[in-house]
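Structure first, commentary second.
Numbering (the numbering used here), first residue to last: 996 to 1609.
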């Protein structure tokens, strides 16, 4: 993408009713260009009328938060350059209160009465005030800057903090950069399976031309049947007739344009690729239990939908019935709906005859895995009070606090929406450490088929975050509810990764629940006996949770060993009071195999096995 250098002029006028005449300020932006994903803008100011010595001024500049981001971390020639006036006798400009869509620029301009308000710059022309650098976070969106003059709290002020224009006046300087003259190119083409081709473009593409299958042709007798664009529109996936293993192919693309209307470069409108036969068997990489009636099984690659949706390929011990099996949007996960399972039983899930997109059967076949339903403290369930909500980004009309207003889907506009492409994060403060064992999330448009992949974490101090669930998909309903092992925490963090319909995160409502002991609601529950639980999930990749309980306070150790007895990790080695505990073990740097974990507390020692399967 290239941007032409543009010089854009604008003028702001204000009225000031006093004994002196107000200064008319001529302000303009000079767009210097882009470099390494940054928009460089020079702000210049000049005055030519009036007799007021302003001494100082504050200019508020607004920008399109969907396309641009401004950082206030000072770095030379990176985020801003401020110019001195009159040989350094005046202070350089500074930025204060940078917000998601505006910034306040304080200027110490040497206006004076003797030169009738002209900026003392050594010339009668424009004076360089500040060069600002914005990160371009979405080149496909409109890059726009503007003076903000319509709010009584924004504007230009004199040294006495007197507003120099009347609030509500509508002099508005803005410009739009729409000078993309670079043709898009095909970066690569690769097969996801024998009948699914992925084409990567150098930039986001226009929707209608990219989805017109007549604009694509493949040699050697392969036909294009349909296609869909990625959420950021720079990648299209084509459904085709079958390719032959070992055969080389060429895909040619014509009449497809980018968002600025530039047609695909004639020198880069085709790509060669080879169908290399997939001989790798799909493997189960993990199991996530989200409730007593819902399990998600994760696989190592994209699955054949026919075998993945066949509920008869899954079975659970203890006479538990599989009601349905649904393949999720990533094509690598299957959600099982079951009859109700008990919390005090260890179940065995058996998976058989699942195939990948190339027809390879799972290995091992069948696959058996132990799991259990999350353990929740017995007692009266209670809804936790959320005192504060923060997010990394948001649309100004859809703020984070709207996710706890109780309106939910009843008011479709009462929701949080991120201002940038996922992943994005929203976090909740519960004021104090409380019991947590379940939550409900109302995802925007979840009732009409929009699904989100998300993770949830908890923390007591905002420093160490413990995963509750990772990389699971929401339900196709108004509410998504999950249950998990009882834990204590003050903060919860929701990370939204992707969606099948949108590239921005949005939720209507978030609710957290815990439990209060019936016997002694004001005290933590002291376990009656030592117990080391089976890690969950098991097998796992790459992380798993290990929980235990101790009826007495003591020095406790939790150590991981390999099958040869070598110590590979020490997770706990400290005094702990009586209570229930849980730690997360990440084995990302370890090889697949059987590992042993041993808990020692007081005179109690117990050992269990777990399986790392990569």
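Don't be surprised by glycine CBs; every beta carbon is placed ideally from N, CA and C.
Specify the secondary structure class of residue i as computed by DSSP and reduced to three states.
i	result
residue 1617	There is no way to answer for residue 1617, as the model of the chain reaches only from 996 to 1609.
residue 1170	Residue confidence is low: residue 1170 scores 40 on pLDDT, short of 50, so the model does not pin down where it sits. Its coordinate-derived value is still stated next. Strand, per DSSP.
residue 1615	This structure gives no information on residue 1615, because the portion of the chain shown stretches from 996 to 1609.
residue 1403	helix
residue 1210	helix
residue 1293	strand
residue 1306	helix
residue 1571	strand
residue 1524	coil
residue 1112	Caution is warranted here: a pLDDT of 37 is assigned to residue 1112, below 50, making its placement in the model unreliable, and no coordinate value can be reported.
residue 1226	coil
residue 1398	helix
residue 1204	helix
residue 1385	strand
residue 1534	coil
residue 1300	helix
residue 1443	helix
residue 1555	strand
residue 1336	coil
residue 1539	strand
residue 1390	strand
residue 1131	strand
residue 1367	strand
residue 1320	strand
residue 1216	coil
residue 1184	strand
residue 1485	strand
Would you say residue i and residue j are within 7 angstroms of each other, going by their C-beta atoms?
i	j	result
residue 1473	residue 1404	yes
residue 1566	residue 1585	no
residue 1208	residue 1219	yes
residue 1469	residue 1446	yes
residue 1540	residue 1483	no
residue 1205	residue 1194	no
residue 1382	residue 1432	no
residue 1589	residue 1606	yes
residue 1038	residue 1124	yes
residue 1279	residue 1362	yes
residue 1311	residue 1364	no
residue 1192	residue 1131	no
residue 1463	residue 1479	yes
residue 1225	residue 1189	no
residue 1423	residue 1411	no
residue 1507	residue 1379	yes
residue 1058	residue 1133	no
residue 1576	residue 1525	no
Could you tell me which of the options sits nearest to residue i, measuring between CA atoms?
i	options	result
residue 1555	1574, 1530 and 1445	1530
residue 1349	1325, 1299, 1321 and 1378	1299
residue 1533	1599, 1604 and 1564	1604
residue 1407	1394, 1234 and 1440	1440
residue 1369	1176, 1477 and 1266	1477
residue 1302	1314, 1316 and 1320	1320
residue 1322	1340, 1467 and 1546	1467
residue 1452	1590, 1489 and 1390	1489
residue 1418	1097, 1242, 1464 and 1387	1387
residue 1536	1237, 1581 and 1506	1581
residue 1256	1176, 1430, 1297 and 1309	1176
residue 1496	1524, 1285, 1367 and 1325	1325
residue 1491	1448, 1505, 1475 and 1522	1448
residue 1337	1309, 1360 and 1287	1287
How close, in whole Å, do the beta carbons of residue i and residue j come, if the pair is a contact with beta carbons under 8 angstroms?
i	j	result
residue 1211	residue 1244	Going by Cβ atoms, the distance from residue 1211 to residue 1244 rounds to 12 angstroms, so no, they are not a contact pair.
residue 1610	residue 1229	Nothing about residue 1610 can be read from this structure; the chain reaches only from 996 to 1609.
residue 1318	residue 1266	Their Cβ separation, rounded to whole angstroms, is 44 angstroms, which puts residue 1318 and residue 1266 out of contact at 8 angstroms.
residue 1454	residue 1486	4 angstroms
residue 1498	residue 1416	5 angstroms
residue 1178	residue 1258	6 angstroms
residue 1510	residue 1371	6 angstroms
Less than 7 angstroms between CB atoms is the rule here; does residue i satisfy it with respect to chain B?
i	result
residue 1544	The question asks about chain B, but that chain is absent: this structure has only one protein chain.
Is there at least one non-hydrogen atom of the ligand FAD closer than 6 angstroms to the beta-carbon of residue i?
i	result
residue 1427	Among the components modelled here there is no ligand, and therefore nothing to report on the ligand FAD.
Inter-stretch contact at 8 angstroms, needing at least 3 Cβ pairs: the stretch 1182-1202 / the stretch 1240-1255: yes
Given 8 angstroms, three or more beta-carbon pairs between the stretch 1325-1336 and the stretch 1388-1404: At 8 angstroms Cβ cutoff, the stretches do not touch.
At least 3 beta-carbon pairs within less than 8 angstroms: the stretch 1345-1360 vs the stretch 1272-1289: yes
The stretch 1276-1292 / the stretch 1258-1265 touching (three or more Cβ pairs under 8 angstroms): no
Inter-stretch contact (C-beta, 8 angstroms, three-pair minimum) for the stretch 1584-1599 and the stretch 1537-1551: yes
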